[in-house]
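Report on the following structure.
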Amino acid sequence: DARVTQTPRHKVTEMGQEVTMRCQPILGHNTVFWYRQTMMQGLELLAYFRNRAPLDDSGMPKDRFSAEMPDATLATLKIQPSEPRDSAVYFCASGLPQVPRQQFFGPGTRLTVL
Amino acid sequence: AQKVTQAQTEISVVEKEDVTLDCVYETRDTTYYLFWYKQPPSGELVFLIRRNSFDEQNEISGRYSWNFQKSTSSFNFTITASQVVDSAVYFCALLMNRDDKIIFGKGTRLHILP
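Here the protein sequences come in this chain order: A and B.
Sequential numbering from -16 applies to the first sequence in the working numbering.
Sequential numbering from 2 applies to the second sequence in the working numbering.
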């Protein structure tokens, strides 16, 4: 049963600390997405990659957020320095560009910045 | 601009009642996909259904059914004989064929009361 995995599942940190979230996409999926879910904004796309190359990161605060895919099996989202307003659930999803165009979501990382 | 509206923020029904969750979308594209996701209290996003814009046939899966009407840009979701386990937040979402970004509605929180 292929699934997207994310680590850590929960993270509590203090303001100013660096946070790194990791995602392992489903094997064979060449498109990886990062979403953020908050009560106020709902689910919003931060960035996504295809074949490890960033295609769109317009939803991501550039000054403190960065996303990378060191290899096809790992995507990372880093926040440095973290702020309380970054508290949210961060979802990773993977998929393929052809039909059925479905994105498979990981379980999410719940981040709390104190 | 593309948009998904779920006007019902929160709904409560008594178990065994039928309930319909509304979804209205906006797009000028002719080829697009519509989705419903369920987010139970555990937090993961569970895929329920995908529809492409050329397939207006309604679909039934057990107690779940979906009514897609292009004339009114709606993709409503009905749960028949609701159960407590159906309690969750339900998201309607839109994906344009020319793009990779899923646009989510704000979600409808459904409470099924025993």
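For glycine and all other residues, C-beta sits at the position ideal for the given N, C-alpha and C.
Bridge partners - residue i, DSSP secondary structure assignment
i: A:R33; result: A:T14, A:A36
i: A:F48; result: A:I62
i: B:F76; result: B:F69
i: A:E27; result: A:R19
i: B:E11; result: B:R110
i: A:M4; result: A:L60
i: A:C75; result: A:W17
i: B:V35; result: Just to set this straight, residue 35 of chain B is Leu in the shown sequence, not Val. According to DSSP, B:L35 bridges with B:R52, B:L95.
i: B:A89; result: B:L111
Closer than 9 Å at the beta carbon, the chain A residues around residue i
i: B:R99; result: Within 9 Å Cβ-Cβ: nothing; B:R99 doesn't reach chain A, min ~11 Å.
i: B:Y26; result: The contacting residues do not exist; B:Y26 stays about 15 Å from chain A at best.
i: B:L111; result: Neighbours of B:L111 on chain A: none; closest Cβ ~16 Å, over 9 Å.
i: B:F92; result: G25, L26
Close beta carbons around residue i, own chain, < 6 Å, minus the five adjacent residues each side
i: B:N68; result: N59, N77
i: A:I62; result: V2, R47, F48, D69
i: B:S66; result: T79
i: B:L22; result: F78, Y91, T109
i: B:D30; result: M97
i: B:S54; result: T32, Y33
i: B:R52; result: L35, F69
i: B:K107; result: Q7
Neighbour-count burial assignment, residue i, 16 or more Cβ in a 10 Å radius
i: A:G(-1); result: exposed
i: B:V85; result: exposed
i: A:A36; result: exposed
i: A:M43; result: buried
i: A:A58; result: buried
i: B:I61; result: exposed
i: B:A2; result: exposed
8 Å Cβ shell around residue i - same chain, five flanking residues per side excluded
i: A:K(-6); result: V2, M4, T92, R93, L94, T95
i: A:T(-4); result: V2, S65, L94, T95, V96, L97
i: A:T10; result: The residue asked about is misnamed: residue 10 of chain A is Leu in this sequence, not Thr. Answer for A:L10: A(-15), T56, listed in chain order.
i: A:D54; result: R35
i: B:A8; result: D23, V25
i: B:K102; result: L96
Residue i: contacting residues in chain B (beta-carbon distance under 9 Å)
i: A:G91; result: G44, E45, L46
8 Å Cβ cut-off: residues of chain A touching residue i
i: B:K102; result: L28, Y31, D39
i: B:R52; result: The contacting residues do not exist; B:R52 stays about 10 Å from chain A at best.
Own chain, CB closer than 7 Å to residue i, minus 5 neighbours either side, in chain order
i: A:E66; result: M(-2), V96
i: B:S13; result: H112, L114
i: A:F74; result: Y18, Q20, F88, G89, G91
i: A:E27; result: Y18, R19, G42
7 Å Cβ cut-off: residues of chain A touching residue i
i: B:Y34; result: R84
i: B:L96; result: R84
i: B:F105; result: G25, L26
Within chain B, the residues that residue i reaches when beta carbons sit closer than 7 Å
i: A:V72; result: G44
Partners in chain B for residue i, counting only beta-carbon separations shorter than 8 Å
i: A:P80; result: D101
i: A:T14; result: D101
i: A:F48; result: Going along chain B, no residue has its Cβ under 8 Å from A:F48, so there is no contact; the nearest lies around 17 Å.
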